[in-house]
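S.K.: Sharing a structure below in structure tokens format, with a few things to ask.
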Amino acid sequence: MSTPILLCPTDTPDPSVIKRAGRVLRDGGLVAIPTETVYGLGANALDPRAVASIFAAKGRPSTDPLIVHVDDLAMTACVVDGPFPAPANALAEAFWPGPLTLVLPRHASVPAAVSSGLPHVGVRCPSHPTAKAIISAAGVPIAAPSANRFGRVSPTRAAHVAAELGGRIDLIIDSGPCEKGLESTVVSFDGDMALVLRHGAIPLESIAHHVTVRSVDTTTDVARASPGHDERHYSPGTPTTTVIAGFDPSRAPAGPVLYLGYEGEEPVLPEGWRFASLGSRLDLTAIAHSLYDALRAADTGAPVRIIAELTGESGLGRAIDDRLTRAGSSRVAKSVADL
Ligand code: TXA
Ligand code: MG
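So for the sequence shown, our numbering puts the first residue at 108; every next one is plus one.
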């Protein structure tokens with residue numbers, strides 16, 4: 108069985124497509140939905156069987172919690188228990204609809220499996236018109252992880268979803284490439300303090316304009332780390348090594364290696380190495396937009412190894428560097444000897 112792909116252009120959404128997607132979701136089916144960050148694999152968040160089918164289709168361990176998507180603040184009433192704490196309110200006001208996930212007390216109507224048994228649930232109100240319209244048509248909150256096989260690169264186009272999940276899900280809605288290209292920023296709360304559990308499309312600096320915030324180092328602060336946000340995430344199939352910004356590969360051994368670096372900064376490469384640009388380090392928004400495309404393209408050129416250089420930048424650079432580091436299994440080489 109192949110999965111139908113229905114076109115739904117962002118500026119001229121097709122009401123019949125929206126209606127069909129909403130019905131499939133309400134009836135317990137799985138629908139891949141475009142959002143402003145990446146494509147999500149949606150199911151009715153209040154239906155335990157539908158939620159279980161998300162984990163099965165992705166091959167995702169049940170210990171990795173899902174984000175619940177709502178069409179507006181009113182819909183959070185059956186997702187989040189009690190009123191939002193003040194800093195969550197401030198962030199929702201500033202960034203919703205948009206690429207921000209708030210981790211808040213889980214309402215009893217949300218099955219425990221959604222948040223892997225944790226008392227808190229991740230909730231986000233996406234800004235993508237197709238996502239919003241489909242959630243409204245379904246009339247229920249929609250649990251949706253990124254629509255890729257577990258541990259692989261997140262999909263930013265419908266074709267990526269079809270390649271990994273075609274035949275395993277009911278419907279794919281195609282609204283073209285995702286604007287941001289990186290997942291939402293995930294934030295939890297410790298009293299008045301906001302904690303960034305996953306860097307994402309909203310930079311830490313923007314969040315700091317509204318609340319007191321600190322970033323959790325998921326490699327050292329394991330107790331606070333976002334569950335499921337493990338080191339094998341966001342990996343291409345080809346073995347990938349991450350290197351520091353400004354790395355000098357010139358004395359590395361020859362071989363069929365692809366070096367992912369930055370526009371106008373091609374280093375001297377050993378014999379057999381190829382260079383591909385992730386974009387200009389001066390335009391992190393553009394790098395984020397096409398990062399997963401670049402990782403997928405790198406994979407198809409049949410190198411035996413990918414070497415990806417960090418941006419070393421703050422702002423969106425934190426999220427880009429987080430994904431590049433995870434693509435390299437969380438090890439960062441500082442010199443050729445570390446490769
Ligand atoms: O942009 C996005 O966030 C995309 C789109 C589809 O909305 N979704 C996404 O979902 O990236 P996923 O499942 O690939 O990543 C969700 C991550 C989890 O791995 C975990 O790190 C964090 O969000 N998360 C979700 N619920 C949580 C909870 N209750 N407590 C802590 N972290 C949570
Ligand atoms: Mg994911």
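Don't be surprised by glycine CBs; every beta carbon is placed ideally from N, CA and C. Given the structure is predicted, the values throughout are model-derived calculations rather than measurements.
Is the CB-CB distance between residue 231 and residue 174 below 7 Å?
M.R.: Closer than 7 Å, so yes.
S.K.: What is the residue span of the alpha helix (DSSP H) that residue 279 lies within?
M.R.: Unbroken run through residue 279 is the beta strand (DSSP E), 278-281; no alpha helix (DSSP H).
S.K.: With a threshold of 8 Å, are at least 3 pairs of Cβ atoms found where one atom belongs to the segment 344-351 and the other to the segment 430-441?
M.R.: Enough Cβ pairs lie closer than 8 Å, so yes.
S.K.: When you measure from the CB of residue 262 to every non-hydrogen atom of ligand 3, does any distance come out below 6 Å?
M.R.: The model on display carries ligand 1 and ligand 2 but not ligand 3.
S.K.: Is there contact here, the segment 141-153 with the segment 234-249, by at least three beta-carbon pairs under 8 Å?
M.R.: Because the criterion of three Cβ pairs below 8 Å is met, the segment 141-153 and the segment 234-249 touch.
S.K.: So what does residue 416 bridge to, in DSSP terms?
M.R.: 350.
S.K.: Quick one: is the Cβ of residue 253 within less than 6 Å of any heavy atom of ligand 2?
M.R.: Yes.
S.K.: Within a Cβ cutoff of 8 Å, which residues of the same chain sit near residue 346, ignoring the five residues on either side of it in sequence?
M.R.: Hits under 8 Å: 411, 412 and 413.
S.K.: Count the other CB atoms within 10 Å of the CB of residue 143; is the residue buried (16 or more) or exposed (fewer)?
M.R.: So residue 143 ends up on the buried side.
S.K.: On the CB-based measure, 16 or more other CB atoms within 10 Å of its CB, does residue 287 come out buried or exposed?
M.R.: Looking at its Cβ environment, which holds 16 or more other Cβ atoms inside 10 Å, residue 287 is buried.
S.K.: Can you tell me whether residue 239 is buried or exposed, with buried defined as 16 or more other CB within 10 angstroms of its CB?
M.R.: Buried, by the Cβ-count rule.
S.K.: Alpha carbon to alpha carbon, what distance is there between residue 272 and residue 185?
M.R.: About 29 Å.
S.K.: Thinking C-alpha only, which one of 314, 135, 176 and 133 is nearest residue 146?
M.R.: It is 176 whose Cα lies nearest to the Cα of residue 146.
S.K.: Return the chain-ordered list of same chain residues with a C-beta closer than 7 Å to the C-beta of residue 120, the five sequence neighbours on each side being excluded.
M.R.: 236, 237 and 240.
S.K.: From residue 338 to residue 164, what does the alpha carbon distance come to, in whole angstroms?
M.R.: With a pLDDT of 49 at residue 338, under the threshold of 50, the modelled position of this residue cannot be trusted; read the value that follows with caution. Near 21 Å, if we compare the C-alpha coordinates of residue 164 and residue 338.
S.K.: If distances are taken between C-alpha atoms only, which option among 344, 292 and 310 comes closest to residue 422?
M.R.: That would be 310, whose Cα lies nearest to the Cα of residue 422.
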